[in-house]
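*Asks:* Below is one structure. I have some questions about it.
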Amino acid sequence: MSTSPVARVVDYEPPAHAERSAPVPTRRSAPARPRRLHAVPPISARRQAASGFADAALRTVLEVIDQRRPAGQLGPLLVGGLADAVLALRRAGADRSCPAAVLRRVRVQATDAAETAFEVAAVYTRGPRTHALAGRIQLTQTARGPRWQFAALHIG
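Written as structure tokens, this is what we have:
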């Protein structure tokens, strides 16, 4: 009896056969010409503005909830009672021991051809957990001119 910690491995490899060459493609299977690449349409200025606003506004909302920013900065970003809802989340999550929220990804999708409203989907992390945000931003007329504001916001 052997005391070696190494055991012999049985060879289960099938026996080698003569190599066959790959079949030659027929005329039918070969592409007639290279495929055309389609150009990606340029992103409109309004979509870029909406995307930038959504990113900055969501970062502000998360920082207010984390108490890293004053709540007064929510006013111009949110319509109506949304600021009160965010402040309620701030009071409910007043535990400063949890890690800060980090916005990871924001996507906007136009809801009309004029691009005056966009649906927003976003992902943020808080420690090892991943959460979602969803909302709707719209272009509203103010005394200073048109500005983007969140009309709806769901924080998951």
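According to our numbering, the residues represented by the sequence shown are 290 to 445, in order.
Ideal placement from N, C-alpha and C gives every residue a C-beta, glycine not left out.
What you are looking at is a predicted structure, and each value in this text was computed from that prediction instead of being measured.
Within the chosen definition, does the segment 320-330 reach the segment 378-397 through at least 3 CB pairs nearer than 8 Å?
*Replies:* The segment 320-330 vs the segment 378-397: no contact.
*Asks:* Hey, out of His443, Val391, Val368 and Leu392, whose CA is closest to Trp437's CA?
*Replies:* The residue labelled residue 437 in the question sits at position 148 within the sequence shown. When each option's Cα is compared against that of Trp437, the closest is Val368.
*Asks:* So, Leu366 versus Thr349, is the Cβ gap smaller than 8 Å?
*Replies:* One-based indexing of the sequence shown puts residue 366 at position 77. One-based indexing of the sequence shown puts residue 349 at position 60. Yes.
*Asks:* Let me know the secondary structure DSSP gives Val375 once reduced to three states.
*Replies:* In the sequence shown, residue 375 corresponds to position 86, counting from 1. Reduced to three states, the DSSP call for Val375 is helix.
*Asks:* For the segment 332-366, which segments carrying the alpha helix (DSSP H) assignment without a break, of at least 4 residues, lie completely within its bounds, in sequence order?
*Replies:* Here the runs fully enclosed are 334-354.
*Asks:* Can you tell me the Cβ-Cβ gap for Glu408 and Arg336, rounded? I've got them flagged as a contact below 8 Å.
*Replies:* Here residue 408 corresponds to residue number 119 of the sequence shown, with the count starting at 1. Here residue 336 corresponds to residue number 47 of the sequence shown, with the count starting at 1. 12 Å between Cβ atoms; not a contact.
*Asks:* Counting only the same chain and skipping the five closest in sequence on each side, list residues whose C-beta sits under 8 Å from that of Gly416.
*Replies:* Mapped onto the sequence shown, residue 416 falls at position 127. Excluding positions up to five away in sequence, the list reads Cys387 and Pro388.
*Asks:* Starting from Thr315, follow the beta strand (DSSP E) in both directions and report where the run begins and ends.
*Replies:* Along the sequence shown, read from residue 1 onward, the residue named residue 315 stands at position 26. Careful: Thr315 lies outside any beta strand (DSSP E) and carries neither H nor E.
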